[in-house]
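> The following block contains the structure, expressed as structure tokens.
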Amino acid sequence: MSLLHHAVGQDPFAELSRFRGEFYSCLTRRADALFELADAVLCADGPVRSLVELSLVGEHRRGHGGLYDALAAGQVDVSRVRRALATVSLPRAADGRLVLAADITCWLRPSAHTSPQRILCHTYGRGKDQHIPVPGWPYSVICALETGRSSWTAPLDALRLAPGDDAATVTAGQMRELVERLIAAGQWKDSDPDVLIVVDAGYDVPRLAFLLKDLPVQVLGRMRSDRVLRRAVPPREPGTRGRPPRHGGEFVFGDPATWGTPDAATVTQTRLYGTATARAWDRLHPRLTHRSAWTAKLGALPVIEGTVIRLQVEYLPSGATPKPVWLWWSGTDATTADVDRLWQAFLRRFDIEHTFRLLKQTLGWTCPKIRTPEAADRWTWLILAGFTQLRLARPLAADLRRPWEKPSPSDRLTPARVRRDFRHLRPKAACPAGAPKFSRPGPGRPSGRKNTRPTPRYDVHTVGKPSPAKRRMKKPTTPRPRRTG
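Adding 6 to a residue's 1-based position in the sequence shown gives its number in the working numbering.
Structure below.
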């Protein structure tokens, strides 16, 4: 069963209108053109394929020149947009806690040689068992998750990774600012349970928990199946001399002989996976070294203890052979109820993939051929604000289904079906954008004159590759004399 997604005791139209007015206030330059562009994304018939097609939508009353000018020269107050997203009603888990999922999705730009700050992004599923790096702009996105079977999430923040950024460090800072905004907005109080942060195996989960240990959060993430953790140090016997050890015995994920008796175990019958068996071991930590992200850490490295959960299901819906999933939770002394709640919350993390698919394939997030990363950031915030409006209009939309589609209850509409009815809901909500003024197009470049200012070209950033300035500073090698005779 899906959670209620509208504010209690508040008119959905009033909340939608309030957010639209606040979003319009966040557009500090080219506000009318940017606001109508976001409405055109929500009111277009079918998926968005290009920007120029949005200028033909009835809700966009300006020409395609103003559309491109708004993205190139407009301005969005990102800090204010983030505060606005933190004040809307958010989905919560069954126990009332906020569940946040973080992941990195890429805006691939392989042929954009005139676009700066591109990074090699790892892609999956391109070719047979191949992971090919493709140049693009990676974005770290944080969403609030619902419980139950649902494809809805609540995007709260997006941050583009610059060349040289560490994903774990950037995500930790991004998550810290988001949690502080949620606390300031009244989304979390002292009596509420800790916020649960769920990530996948691409993050260093213990390091993320260490960086956020002063906040009321718990971190849950997947670990690779070849990891080796350490147990807590056993009690020291009286009269033992020497330096006390900092780590206990090994816990090898791939060696059942090192596991021992689990501290908690549960067996649950599921509809899609059959029998799900979860076992948990308490107070396990990785043995850290002064390498990679811990190079600058002086003195003794911390001991980050947590709970390891091994989840094994009976079968998969695809028919493939199920493999065990190893989870690490920053809390300790987990009960059987905690174990079930944690692994089910981790499975809900994959709902963020549905959000990414909708943003890219339906709302056209990665379709425009935008040159500068600043314009890409403006377009990204327009898309996130548009998706938030769909979520706020969720209890108001009607099921405008195709003849071959099955009817859905009003509380089970997908984001794509809510978007079909947004054109009819928009006139009833606030529309602060003003009408365009009459103007004539500029003369443009005179006929026959060539472009004398070519656009600069940029290399793709790779780790360990020197910058162009350093390559020019290298001393040229002396050519060898040619042999004659």
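Ideal placement from N, C-alpha and C gives every residue a C-beta, glycine not left out.
This structure is a prediction, so every number in the text was calculated from the model and none was measured.
Could you tell me which residues DSSP pairs with Ile315 in its beta bridges?
Ile315 pairs with Ala286 and Leu333.
> Since I believe Ala422 is in contact with Thr368 (beta carbons under 8 Å), could you give me their beta-carbon distance rounded to a whole number of angstroms?
Thr368 to Ala422, Cβ: 6 Å. Contact.
> Determine whether the beta carbon atoms of Ala174 and Asp232 lie at a separation below 7 Å.
No, these two residues do not count as a Cβ contact at 7 Å.
> Shortest alpha-carbon distance to Pro161 belongs to which of Asp427, Arg397 and Thr468?
Among Asp427, Arg397 and Thr468, the Cα nearest to that of Pro161 belongs to Arg397.
> Spatial neighbours of Thr341 within its chain, please: C-beta separation below 7 Å, excluding the five flanking residues on both sides.
These residues qualify, in order along the chain: Ala270.
> Are there 16 or more other CB atoms within 10 angstroms of the CB of His66, so buried, or fewer, so exposed?
By the 10 Å Cβ count, His66 comes out buried.
> Can you tell me which of the three DSSP states Thr274 falls into?
In this structure, Thr274 counts as strand in the three-state DSSP scheme.
> If Ile148 sits next to Leu96, beta carbons under 8 Å apart, how far is it from one beta carbon to the other, in whole angstroms?
Not a contact, Cβ separation roughly 12 Å.
> CA-CA distance, Asp154 and Arg354?
As written in the sequence, residue 154 is Gly, which differs from the Asp given in the question. Gly154 and Arg354: Cα-Cα distance of roughly 8 Å.
> When DSSP builds the beta bridges, which residues end up paired with Gly227?
Answer by DSSP bridge pairing, in chain order: Val205 and Trp334.
> Around the C-beta of Lys219, are 16 or more other C-beta atoms found within 10 angstroms, so that it is buried, or is it exposed?
Lys219 comes out exposed.
> Helix, strand or coil for Val14? Go by DSSP, reduced to three states.
Low confidence applies to Val14: its pLDDT is 42, below 50, so where it sits in the model is not reliable, and the reading given next is rough at best. Note: Val14 maps to coil in three-state DSSP.
> If you reduce the DSSP assignment to three classes, tell me which class Phe257 lands in.
Strand.
> Taking Phe356 as the reference, which of Arg236, Thr267, Ile310 and Thr159 has the closest Cα?
The option with the nearest alpha carbon to Phe356 is Thr159.
> Does the distance from the CB of Val47 to the CB of Val58 come in under 7 Å?
Not a contact, by the Cβ cut-off of 7 Å.
> Under 8 Å: do the region 400-407 and the region 382-392 share three or more Cβ pairs, one atom per stretch?
Output reads no: the region 382-392 does not touch the region 400-407.
> When you compare the CB of Ser56 with every CB in chain D, is at least one pair closer than 7 Å?
Of the chains in the structure shown, none is chain D; there is only one protein chain.
> My output table needs one value for Pro144: the three-state DSSP class, helix, strand or coil.
Pro144 falls in the strand class under three-state DSSP.
> Taking all protein chains shown into account, decide if Gln1 is buried (16 or more other Cβ within 10 angstroms of its Cβ) or exposed.
This structure does not reach residue 1, given that the chain is present from 7 up to 491, and the question cannot be answered.
> Which residue marks the beginning of the alpha helix (DSSP H) containing Ile389, and which one marks its end?
Segment Pro379 to Leu398, the alpha helix (DSSP H) holding Ile389.
> Of the residues Ala382, Arg316, Trp300 and Ala326, which one's Cα is nearest the Cα of Val309?
When only C-alpha atoms are compared, the closest one is Trp300.
> Buried or exposed: which applies to Ser473, given that a residue is buried once 16 or more other Cβ atoms fall within 10 Å of its Cβ?
Because Ser473 sits at a pLDDT of 49, beneath the cut-off of 50, its placement in the model cannot be relied upon, and the following sentence gives the value as read from the coordinates. Label assigned to Ser473: exposed.
> Quick check on DSSP: helix, strand or coil for Leu33?
Correct three-state label for Leu33: strand.
> Apart from the five residues on each side of it in sequence, which residues of its chain come closer than 7 Å, Cβ to Cβ, to Lys366?
Within the same chain, Lys366 has close Cβ partners Thr372.
> Hey, would you say the C-beta of Tyr209 is under 6 Å away from at least one heavy atom of the ligand MN?
In the structure shown, the ligand MN is absent, as is every other ligand, since no ligand is present at all.
> Can you tell me whether DSSP reads Gly280 as helix, strand or coil?
Strand.
> Thinking just about the alpha-carbon of each residue, which of Gly266, Glu28, Val84 and Asn457 is nearest to the one in Trp287?
Here the closest residue by C-alpha is Gly266.
> Would you tell me roughly how many angstroms separate the C-alpha atoms of Arg228 and Leu333, rounded to the nearest one?
Straight-line Cα distance between these residues: approximately 4 Å.
> CA-CA distance, Ala90 and Glu152?
Going from the Cα of Ala90 to the Cα of Glu152 covers about 20 Å.
> Does the Cβ of Gly296 have 16 or more other Cβ atoms within 10 Å, making it buried, or fewer, making it exposed?
For clarity, residue 296 is His in the given sequence; the question names Gly instead. So His296 counts as exposed.
> Excluding the five sequence neighbours on either side, which residues of its own chain have a C-beta within less than 8 Å of the C-beta of Tyr74, listed in chain order?
Only Leu57 meet the Cβ criterion.
> Contact between the region 107-126 and the region 166-183 is defined here as three or more beta-carbon pairs at a separation below 8 Å; is this criterion met?
With the cut-off at 8 Å, the region 107-126 and the region 166-183 touch.
> Within 10 angstroms of its Cβ, does Trp143 collect 16 or more other Cβ (buried), or is it exposed?
The residue in question, Trp143, is buried, as its Cβ has 16 or more Cβ neighbours within 10 Å.
> So Gln395 and Phe19 are in contact, right, with Cβ under 8 Å, and what is the actual spacing, rounded?
About 12 Å separates the two Cβ atoms, so there is no contact after all.
> Name, in chain order, the residues that DSSP records as bridge partners for Pro161.
DSSP lists Cys149 as partners of Pro161.
> Going by alpha carbons, who is nearest to Thr313 out of Ala284, Leu294, Leu278 and Leu60?
That would be Ala284, whose Cα lies nearest to the Cα of Thr313.
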